[in-house]
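Input: a single structure, listed below in structure tokens.
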Amino acid sequence: MVAAVSPFRRTTALPAPLSPFVGRTHEAASIIGLLRRGDVRLVTLTGPGGVGKTRLALEVARSIVEDFPDGVRFVALAPITNPGLVASSVAQVLGVRELGEDPPVVRLEMFLRDKHLLLLLDNFEHVVEAAPLAADLLAACPDLKILTTSRVRLRLSGEREYPVPPLALPAAGHSLNREGVSESEAVRLFTERAQAVKPDFALIDENADAVAEICHRLDGLPLAIELAAARVKVLHPTALLSRLEKRLPLLSGGGRDLPARQHTMRDTISWSYDLLSPDEQALFRRLSVFAGGFTLEATEVAVAPHDPGIDLFEGVASLMDRSLLRQAQAPDSEPRYSMLETVREYGLEQLDSHGEADAVRWCHAAYFLALVEQVDPLLRTGEQQTWLGRLEADHANLRVALGWAIERGEAEMALRLAGALHWFWYLRGHWNEGRGWLKRALELPSHGSGVAVRVKALTGAGVLAFAQSDYPAARAQLQESLAICRQRGDPAGSAYALHFLGMAALLPGQYAVARDLFEESVEGFRRAEDPWGLAMSLCSLGVAVMQMEADGAGDHDDARVFFEESLALFRERGDTFGLARALQYVGEAARALGDYPASRKLYEESLTRYRALDHRNTAASVVHNLGYVAQHQGDLQGAASCFAEALAVHVEHGDRRNIGHCLGGLAGMVGLLGPSEQAARLFGAADAMFAGTGASMFIVDRPDYDRNLAMIRDRLGEQQFAAAFAAGQMLPLDDALAEAAQATAMVKVESSGASANGTPTAVSCQSATDWYGLTAREREVLQLLVDGRTDRAIAEALFI
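All residue numbers for the sequence shown refer to my numbering, where the first residue is 215 and numbers rise by one.
Next comes the structure, spelled out in structure tokens:
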């Protein structure tokens, strides 16, 4: 029996949008490109619930309708629960009426055989057993194309899957203003939807940070962003952000015209969860314990003991197919899998409700404890970079493990985790965070935890306190650790504590004390046959000896011997950090002897290694040192750029001692351009930083710093200099940084060959040493030139 049909008209037959479509320009163009290819007949948009698959598919369909003479038809499959009814639903939309006993698929094939049409099948995931219908229609109808949306791919021959990503997010980790976030698709969607419920809402500098962070917390998921934006009617973005610690309770109240599964984010994710088999549900719940991603190896340890009832590899693959997991693969490493945080929160709710949380979290923490204790010694070898990358990738998991151990009062586990992580935190600059975890772990009641466990945590706390120039705290923790190590007869532990006690004495200027501590540390590491510790202490001993040279108690040649022995030991172990540190200080010795080309080469070699480790704060110290080398080589612009670059990193790490060094360096560059109260204020701000930390200046920097300071005092006169210097000492940090930014810009303009008023300047290529080599008359002439009160020709004539 031939099927009867309604009169067919070319039409889009697409739901009309009720709100503007935001972003997705790249994705839409890519999908349109696929549909226009002659060899592509079936495209499936996949992704988690709430990622915007339907809206993107509709936008693509509207954009491409002219390519299909017989139009575009949209079939909503969400209301259907029986896969056997899919064909009838498609027939109904197309106007194909049932006559006789022919199956719906036969009637559809007959109807579509001569049609050049795009069929959009929306929400295929829960009726995926009907996927063969799509294959049959494509085989019978040569000009038919099908675009589907689904949380799972259809697994049909010729299917082209297009995973729909979350919306593009603004850059993370930095303070942002309106211009910095407004180009983000996620922020634009939030702003548009917020204005729909609160017309006077605007993205401004004061709320840009909060809006950007809201979008990050919501993973860039359009549905989650829309639900959150609706709350702006009663909550300022900052207040909304503070309530997103638990996302799912807040993300509700979707429009009444939306499907029930989109009224809340919990409903949306539950829709996917309910489609899983019981074994897949159990695996999903247990994998939600991982934060920030995981490897298959981790799942085998943390999940397998709980008998998920499913092959892990197949289970992970199934969850990926259903858009509940995502895969990311870093170069030369095994694949990692992760959940969007909103999806993970739902999984954790299910884990708690099934009474599995404690057992799974214990296995998770135990796995990562074993990992960090295995990796800790490898962070001092040639495998350092590989394992630093692995720990960084799992940093979120490490935080989860530490948090769980501390909340449960598992003192030994918490101390072991934190103690084993301290060198990772030190090398990667996570000083504040590491100190916080160590403090919380050390405050737990020990309940018989081993002394060795507490010693390592104490030493780690001292190391990180030293890194932040908190020398009193560093000394207290390291001395406690040292006392226990000596009581236990632990030479390596004692030597390690002695080394950092030496560092906590060295930087405040107690050079003789530091030298004695380093010498004792060297002896201890030799007895313990610990080449890494020996190399560290030899390098530090060289620094102490070089610092003492100013008092006539040390010698640069002796220091260089220690540095070179340290360098050889680090080369033998392949320790990138150790090599960088030794090269840095050999460079310091070369600079102290006035060999600037050699110093620059050594600094640059050191800098390359620090940057390879992402050890940003110490790398910044080397950049600062290169600033003084640039000054001596006549490049004031390069010097100012170095000091400014280093300053930004030290501010980020809260390293006030090195902030002082950079402010002092910039002050000198400003001073070399002419008499300047700003230079004096910057010197005052630098002095306040040193006074606040109790740190002293490194001996190699001191001559340049003192010479530049004296030059400014001489130019301004004592009274004017003292007033500006005192004002600088009182500057809040933010104001000092603003002065530094202005100074950097000014030096770059002035030293580019012209002063601010367009007059060429000769002083831009003069070092402080050159200035003091001039006669009083020559200084006067150069100053006239800088002030714009004469030109270069007259200046040169006056010199002659």
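Quick reminder that beta carbons are idealized off the backbone N, C-alpha and C, glycines included.
Measure the alpha-carbon distance for residue i versus residue j and round it to whole angstroms.
i	j	result
lysine 447	lysine 412	6 Å
alanine 416	isoleucine 620	42 Å
glutamine 682	glutamate 932	34 Å
leucine 720	alanine 610	35 Å
alanine 970	glutamine 956	Legend: pLDDT at alanine 970 = 36, less than 50; position of this residue unreliable, value from coordinates given subsequently. Straight-line Cα distance between these residues: approximately 13 Å.
leucine 781	glutamate 819	13 Å
leucine 228	valine 307	11 Å
arginine 575	glutamate 563	13 Å
leucine 490	valine 257	23 Å
cysteine 355	leucine 326	6 Å
leucine 816	arginine 613	37 Å
alanine 858	threonine 958	7 Å
glutamate 737	alanine 709	8 Å
alanine 301	valine 319	6 Å
leucine 731	leucine 752	11 Å
aspartate 414	serine 552	38 Å
phenylalanine 527	aspartate 488	21 Å
methionine 534	glycine 716	52 Å
proline 745	glutamate 779	11 Å
phenylalanine 939	histidine 713	36 Å
valine 219	valine 279	Per-residue confidence for valine 219 stands at a pLDDT of 45, beneath the threshold of 50, marking its modelled position as unreliable; the derived number appears in the next sentence. One C-alpha to the other measures close to 22 Å.
leucine 629	glutamate 343	52 Å
DSSP state of residue i, grouped into three classes?
i	result
threonine 239	helix
lysine 412	coil
threonine 509	coil
arginine 649	helix
aspartate 433	coil
isoleucine 360	strand
proline 659	coil
arginine 251	coil
valine 286	strand
leucine 783	helix
aspartate 336	strand
alanine 542	strand
arginine 552	The question names arginine, yet the displayed sequence has serine at residue 552. Serine 552: strand per DSSP, three-state reduction.
glutamate 373	strand
leucine 631	helix
arginine 327	coil
arginine 402	helix
arginine 365	coil
Please determine, among the options, the residue with the shortest C-alpha to C-alpha distance to residue i.
i	options	result
leucine 631	Asn646, Arg654, Leu641 and Gly643	Arg654
threonine 239	Val257, Arg269, Arg255 and Gly261	Arg269
arginine 927	Asp949, Phe904, Ala952 and Phe897	Phe897
phenylalanine 282	Glu241, Val289 and His330	His330
glycine 266	Ala571, Ile294, Lys670 and Arg365	Arg365
asparagine 831	Phe791, His846 and Lys815	Phe791
valine 254	Ala671, Gly372 and Ala938	Gly372
arginine 642	Leu656, Leu602 and Ala408	Leu602
arginine 774	Ala796, Leu583 and Leu368	Ala796
valine 843	Asn421, Pro811, Ser754 and Leu692	Pro811
glycine 808	Leu821, Gln847 and Pro262	Gln847
alanine 833	Ile245, Ala853, Asp849 and Gln798	Gln798
threonine 509	Asp608, Ala579 and Gly434	Asp608
cysteine 856	Gly874, Leu850 and Val837	Val837
From which residue to which residue does the alpha helix (DSSP H) around residue i run?
i	result
leucine 259	Leucine 259 -> not in any alpha helix (DSSP H); beta strand (DSSP E) instead, spanning 256-260.
aspartate 535	526-535
leucine 538	Here leucine 538 belongs to no alpha helix (DSSP H), and DSSP marks it neither H nor E.
proline 811	810-826
valine 884	870-886
alanine 486	Position check: residue 486 holds serine in this sequence, whereas alanine was assumed. Looking at the DSSP string, the run of the alpha helix (DSSP H) that includes serine 486 is 479-488.
glutamate 494	492-501
arginine 916	916-930
lysine 267	267-278
cysteine 355	That residue, cysteine 355, is in no alpha helix (DSSP H); it is neither H nor E in DSSP.
valine 378	First-last for valine 378: undefined, no H or E at that position.
phenylalanine 504	Counting along the chain, phenylalanine 504 falls outside any alpha helix (DSSP H), and DSSP gives it neither H nor E.
aspartate 789	Note, aspartate 789: premise wrong, no alpha helix (DSSP H); not H, not E.
For residue i and chain C, any beta-carbon pair shorter than 9 Å?
i	result
phenylalanine 857	This model lacks chain C altogether, as it is built from one protein chain only.
Mind checking which residues open and close the beta strand (DSSP E) that includes residue i?
i	result
arginine 594	Element bounds for arginine 594: n/a, residue is neither H nor E.
Could you name each continuous alpha helix (DSSP H) segment of 4 residues or more that falls completely within the segment 674-749, going from the start of the chain to the end? 685-702, 705-720 and 725-742
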